[in-house]
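> Note that the protein sequences, when read in sequence, are chains H and V.
To convert, count from 1 in the first sequence and add 293; that's the numbering used here.
To convert, count from 1 in the second sequence and add 293; that's the numbering used here.
Cβ atoms here follow ideal geometry from the backbone N, Cα and C, with glycine treated the same way.
Just passing along the structure, written as structure tokens.
Number of protein chains: 2
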Amino acid sequence: MSILDNAAAVLRCFGAGCPSVTVTEVTARLGLPKASASRLLRAMREAGMLETIGGTKRHRPGRMMLDLAAAFRHSSRLIERASVVVAAAARTFGHTGYVSLREGREVTAVADFEGSNALRVVSNIGRRLPAHLSATGRTLLARMADHEVAMLYHGTREAALLAPILAQVRAHGYAESQQDTTPGVDAIAIAVADPASDEAVSLCLVYPHTLVPPQERAAMIGALAKGAAGIAEALGDAGFVLPQPSIEVVS
Amino acid sequence: MSILDNAAAVLRCFGAGCPSVTVTEVTARLGLPKASASRLLRAMREAGMLETIGGTKRHRPGRMMLDLAAAFRHSSRLIERASVVVAAAARTFGHTGYVSLREGREVTAVADFEGSNALRVVSNIGRRLPAHLSATGRTLLARMADHEVAMLYHGTREAALLAPILAQVRAHGYAESQQDTTPGVDAIAIAVADPASDEAVSLCLVYPHTLVPPQERAAMIGALAKGAAGIAEALGDAGFVLPQPSIEVVS
DNA sequence: ATTTAAGTTCCATAAAATGCAACTTTCCGC
DNA sequence: GCGGAAAGTTGCATTTTATGGAACTTAAAT
């Protein structure tokens with residue numbers, strides 16, 4: 294095991310409500326001797342992976358990480374195009390939007406565009422959600438073949454339930470979530486893929502459940518659909534299904 | 294020298310228009326034997342610091358880096374409060390805003406809020422600027438004692454020129470740049486510090502030179518000043534100077 | 001099919017990481 | 001401002017890991 298794995302483990306400490314760490318916290322969370330934790334943090338600091346906050350002993354990710362996040366967003370034409378579409382939609386409707394990627398059974402937002410409405414869903418980039426519980430995740434799972442999904446969820450309770458849900462997503466061309474992930478929050482999502490790089494992203498708008506009448510919902514689906522269709526055509530995404538908005542509730 | 298330094302060097306490759314790397318590119322840029330580059334990329338991949346793009350041999354930063362950037366932004370109450378103020382100002386005036394930190398003689402934007410005006414300055418997070426050439430940087434240098442600034446710039450041409458400029462910034466409570474950094478782009482900036490963590494951030498609005506009449510400029514200074522003053526009071530920043538907007542040009 | 005570039009694996013050597021214990025600094029209550 | 005405890009750092013012998021050259025495999029270009 295290389296020191297890199299320990300360094301990565303330290304970096305993983307920063308997920309989910311832990312914006313800074315100390316030697317002692319690393320000692321506790323990774324089960325390392327404090328001498329090792331101390332030297333590890335120092336080495337990471339000297340390498341620029343960490344920095345101390347002000348003059349304190351608390352460490353946060355190095356400034357370099359801001360550049361890396363930016364590089365990630367520019368690493369793929371798919372993410373860039375999707376960001377443009379979602380940014381425009383977020384601005385038009387005033388609701389918060391995301392561009393997300395799937396990784397295993399989880400989805401992560403890679404770009405966020407906070408809405409302008411007084412009542413809006415606050416951005417939460419980097420937050421990981423179970424793919425099967427979010428509209429975004431379901432659109433991305435729907436882009437996989439059924440047997441791939443079955444393999445991914447092999448041995449889990451969701452395995453059997455997922456196929457019909459994904460079939461519906463494929464038929465509609467979009468997915469919807471109604472307070473599935475967060476109480477009071479609905480979402481609509483559409484996925485599009487780049488056959489050249491074998492990547493897929495999901496374009497998503499989230500909004501307060503109580504605030505959006507059916508016709509606005511349809512308009513949002515239309516806006517995302519139009520943008521996604523443009524991307525699909527430009528990149529040659531043969532699997533893209535032009536969404537058919539419906540007023541009925543799709544669980 | 295630890296493998297961490299080489300790993301960090303690989304990560305630094307991603308700055309500035311290089312969103313992905315290969316084994317050969319690392320070999321060339323770091324001057325490593327290709328055996329080492331190959332193993333280094335593999336180790337970083339297995340640790341989650343890198344990931345391959347689609348099925349190719351190109352590597353980009355790992356998804357983890359998105360969380361790290363988010364953790365950075367939440368690592369300090371100063372940055373969080375400053376972000377709220379700048380986000381509100383960016384929304385009110387339609388101009389792009391930044392929250393920036395100084396590191397040595399450079400400043401980096403750590404949060405950006407793109408404006409809504411048709412003619413707006415595009416966000417450029419992670420971009421590093423010389424501190425003495427940007428409004429943002431000058432407000433942060435102005436928060437240092439003169440002898441500290443002198444030490445920081447010891448042996449450079451700027452050393453002598455900086456003191457009177459910073460004295461003026463201290464007197465006004467804000468700094469301004471008129472096309473100093475980017476042609477056609479003006480900026481106003483105000484710094485505020487957290488005495489508890491010894492950090493300082495700069496709140497900044499950037500806008501097209503031709504678009505903003507004096508009274509709007511004064512209103513923007515007022516909005517940033519009000520927000521910054523609130524932060525200064527909440528955190529106990531004794532060094533904060535309430536800005537005195539003036540219509541005259543401050544170079 | 002042939003050539004060339006790109007990437008990976010092998011192996012002995014050299015260098016770095018580890019864990020313990022001793023030591024120093026910082027923080028907290030009084 | 002003092003005493004004690006917690007947090008953090010450093011020295012040292014041992015073990016593990018990284019390194020670079022060369023051979024080898026895979027992928028791409030002609």
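1) If you draw a straight line from the C-alpha of P506 (chain V) to the C-alpha of Y500 (chain V), how long is it?
2) Who are V485 (chain H)'s beta bridge partners in DSSP?
3) Are any of the Cβ atoms in chain V nearer than 8 Å to that of P423 (chain H)?
4) In chain H, what lies closer than 8 Å to E396 (chain V) by C-beta?
5) Using DSSP with H/G/I as helix, E/B as strand and the rest coil, what is M294 (chain V)?
6) For the beta strand (DSSP E) containing E395 (chain V), name the first residue and the last one.
7) Let me check one thing: in DSSP terms, what residues is Q471 (chain V) bridge-paired to?
8) Does the pairing of the segment 379-387 of chain H with the segment 428-443 of chain V give three or more beta-carbon distances under 8 Å?
9) Helix, strand or coil: which one does DSSP assign to H352 (chain H)?
10) Taking C-beta pairs closer than 7 Å, name the residues in chain V that D491 (chain H) reaches, listed in chain order.
11) Go through the segment 300-381 of chain H residue by residue and report every complete run of the beta strand (DSSP E) that reaches 3 residues or more, in order.
12) So the candidates are H:V379, H:P423, H:T315 and H:A521; which of them puts its Cα closest to the Cα of T449 (chain H)?
13) Can you tell me where the beta strand (DSSP E) holding D405 (chain H) begins and where it ends?
14) What do you get for E492 (chain H), buried or exposed, if any count of 16 or more other CB atoms within 10 angstroms of its CB means buried?
15) Using a Cβ-Cβ cut-off of less than 9 Å, give me the residues of the segment 512-538 of chain H that come near chain V, in sequence order.
16) Less than 8 Å between the C-beta atoms of P312 (chain H) and R356 (chain H), yes or no?
17) Checking 8 Å against the spacing of the C-beta atoms, do A336 (chain V) and L297 (chain H) come in under that value?
18) On the criterion of 16 or more Cβ atoms from any shown chain inside 10 Å, does M444 (chain H) qualify as buried, or is it exposed?
19) Establish whether the CB of V499 (chain V) and some CB of chain H are separated by less than 8 Å.
20) Could you tell me whether the Cβ of R374 (chain V) comes closer than 8 Å to any Cβ of chain H?
21) I want to know whether the segment 510-529 of chain H touches the segment 358-377 of chain H - three or more CB-CB distances under 8 Å.
22) Taking the straight line between their C-alpha atoms, what separation do you get for L504 (chain V) and R366 (chain H)?
23) If we cut at 8 Å on Cβ distances, does F401 (chain H) have a partner in chain V?
24) Between P326 (chain H) and chain V, is the shortest Cβ-Cβ distance under 8 Å, so that the two count as touching?
25) I want to verify the contact list: residues of chain H whose CB lies under 7 Å from the CB of D298 (chain V), in sequence order.
26) What residues from chain H crowd round H367 (chain V), counting only those whose CB sits closer than 7 Å?
27) May I ask you to report which of helix, strand or coil DSSP gives V499 (chain H)?
28) Give me the chain V residues within the contact set of M337 (chain H), using Cβ-Cβ distance strictly less than 7 Å, ordered along the chain.
29) What is the residue span of the beta strand (DSSP E) that R420 (chain V) lies within?
30) So L304 (chain V) contacts chain H; which residues on that side make the cut at Cβ distance below 7 Å?
31) Please work out which residues of its chain come closer than 6 Å, Cβ to Cβ, to T332 (chain V), disregarding the five sequence neighbours upstream and downstream, and give them in chain order.
32) Please compile the residues from chain H whose C-beta is within a distance smaller than 9 Å of the C-beta of S409 (chain V).
33) State yes or no: is the beta carbon of V542 (chain H) nearer than 8 Å to at least one beta carbon in chain V?
34) Measure the Cβ-Cβ separation of L394 (chain V) and V494 (chain V) and say whether it is below 8 Å.
35) Given that a residue counts as buried once 16 or more other Cβ atoms are within 10 Å of its Cβ, and exposed if not, what is G408 (chain V)?
The answer reads as follows:
1) Against the second sequence, residue 506 (chain V) aligns to sequence position 213. Against the second sequence, residue 500 (chain V) aligns to sequence position 207. Approximately 11 Å, taken between the alpha carbons.
2) Here the question's residue 485 (chain H) lines up with position 192 in the first sequence. DSSP output for V485 (chain H) lists H:V494 as bridge partner(s).
3) Mapped onto the first sequence, residue 423 (chain H) falls at position 130. By this cut-off, P423 (chain H) is not an interface position.
4) Position 103 of the second sequence, counted from the first residue, corresponds to residue 396 (chain V). Neighbours of E396 (chain V) on chain H, chain order: R356.
5) Stepping through the second sequence from its first residue, residue 294 (chain V) is reached at position 1. M294 (chain V): coil per DSSP, three-state reduction.
6) Numbered from its first residue, the second sequence carries residue 395 (chain V) at position 102. In the sequence under discussion, the amino acid at residue 395 (chain V) is Arg, which differs from the Glu named in the question. Residues T389 to E396.
7) The residue you call residue 471 (chain V) lines up with position 178 of the second sequence. BP columns for Q471 (chain V) point to V:D479.
8) Contact between the segment 379-387 of chain H and the segment 428-443 of chain V is absent: fewer than three C-beta pairs spanning the two stretches fall below 8 Å.
9) Counting from one through the first sequence, the residue named residue 352 (chain H) turns up at place 59. In the structure shown, the three-state DSSP call for H352 (chain H) is strand.
10) Working through the first sequence from its first residue, we reach residue 491 (chain H) at position 198. Correct list: G347 and G348.
11) Whole beta strand (DSSP E) segments, 3+ residues: 343-345 and 352-354.
12) Position 156 of the first sequence, counting from 1, holds the residue named residue 449 (chain H). T449 (chain H) has its Cα closest to that of H:P423, out of H:V379, H:P423, H:T315 and H:A521.
13) Indexing the first sequence from 1 puts residue 405 (chain H) at position 112. Here the beta strand (DSSP E) through D405 (chain H) covers E399 to F406.
14) Translated into the one-based positions of the first sequence, residue 492 (chain H) becomes position 199. E492 (chain H) comes out buried.
15) Of all residues in the segment 512-538 of chain H, none has a Cβ within less than 9 Å of some Cβ in chain V.
16) The sequence position of residue 312 (chain H) within the first sequence is 19, counting from 1. The sequence position of residue 356 (chain H) within the first sequence is 63, counting from 1. With contacts defined as CB atoms closer than 8 Å, P312 (chain H) and R356 (chain H) fail to qualify as a contacting pair.
17) As a position in the second sequence, residue 336 (chain V) is number 43, starting the count at 1. As a position in the first sequence, residue 297 (chain H) is number 4, starting the count at 1. A contact, by the Cβ cut-off of 8 Å.
18) On the first sequence, position 151 is the one that residue 444 (chain H) refers to. It is exposed - the Cβ of M444 (chain H) has fewer than 16 other Cβ atoms within 10 Å.
19) What you label residue 499 (chain V) is simply residue 206 of the second sequence in a count that begins at 1. Closer than 8 Å: no.
20) Residue numbering aside, residue 374 (chain V) sits at position 81 when the second sequence is read from its first letter. No, its Cβ sits nowhere closer than 8 Å to a Cβ of chain H.
21) They touch, by the three-pair rule.
22) Taking the second sequence and counting its residues from 1, the one referred to as residue 504 (chain V) is at position 211. Taking the first sequence and counting its residues from 1, the one referred to as residue 366 (chain H) is at position 73. Answer to the nearest angstrom: the Cα atoms are 30 Å apart.
23) Taking the first sequence and counting its residues from 1, one reaches residue 401 (chain H) at position 108. It is Thr, not Phe, that sits at residue 401 (chain H) in the sequence shown. Using a CB distance cut-off of 8 Å, T401 (chain H) counts as an interface residue toward chain V.
24) Mapped onto the first sequence, residue 326 (chain H) falls at position 33. P326 (chain H) has a beta carbon lying at 8 Å or more from every beta carbon in chain V.
25) Sequence index remark: in the second sequence, residue 298 (chain V) carries index 5 (1-based). Contact of D298 (chain V) with chain H by beta-carbon distance below 7 Å involves A340.
26) Walking along the second sequence from the start, residue 367 (chain V) turns up at place 74. The answer, in chain order, is P312.
27) Mapped onto the first sequence, residue 499 (chain H) falls at position 206. V499 (chain H): strand per DSSP, three-state reduction.
28) Translated into the one-based positions of the first sequence, residue 337 (chain H) becomes position 44. The contacting residues are L297.
29) The residue given as residue 420 (chain V) occupies position 127 in the second sequence. No beta strand (DSSP E) holds R420 (chain V); DSSP gives it neither H nor E.
30) For the purposes of this step, residue 304 (chain V) is taken as the residue at position 11 of the second sequence. Below the 7 Å Cβ cutoff, chain H contributes M357 and L361 as neighbours of L304 (chain V), in chain order.
31) The count along the second sequence starts at 1 and reaches residue 332 (chain V) at position 39. Per the sequence shown, the amino acid found at residue 332 (chain V) is Arg instead of Thr. Non-local beta-carbon contacts of R332 (chain V) in its own chain, meaning distances under 6 Å to residues more than five positions away in sequence, are absent.
32) Here residue 409 (chain V) is taken as the residue at index 116 of the second sequence, counted from 1. Those are R384 and S409, listed as they occur along chain H.
33) Numbered from its first residue, the first sequence carries residue 542 (chain H) at position 249. Note on V542 (chain H): pLDDT 48, under 50, position unreliable in the model; the coordinate value appears next. Between V542 (chain H) and chain V, the shortest Cβ-Cβ separation is not below 8 Å.
34) Here residue 394 (chain V) refers to the residue found at position 101 of the second sequence. Here residue 494 (chain V) refers to the residue found at position 201 of the second sequence. Taking the C-beta atoms as reference points, V494 (chain V) is found nearer than 8 Å to L394 (chain V).
35) In the second sequence, the residue the question calls residue 408 (chain V) occupies position 115. Counting Cβ neighbours within 10 Å, G408 (chain V) comes out buried, since at least 16 surround it.
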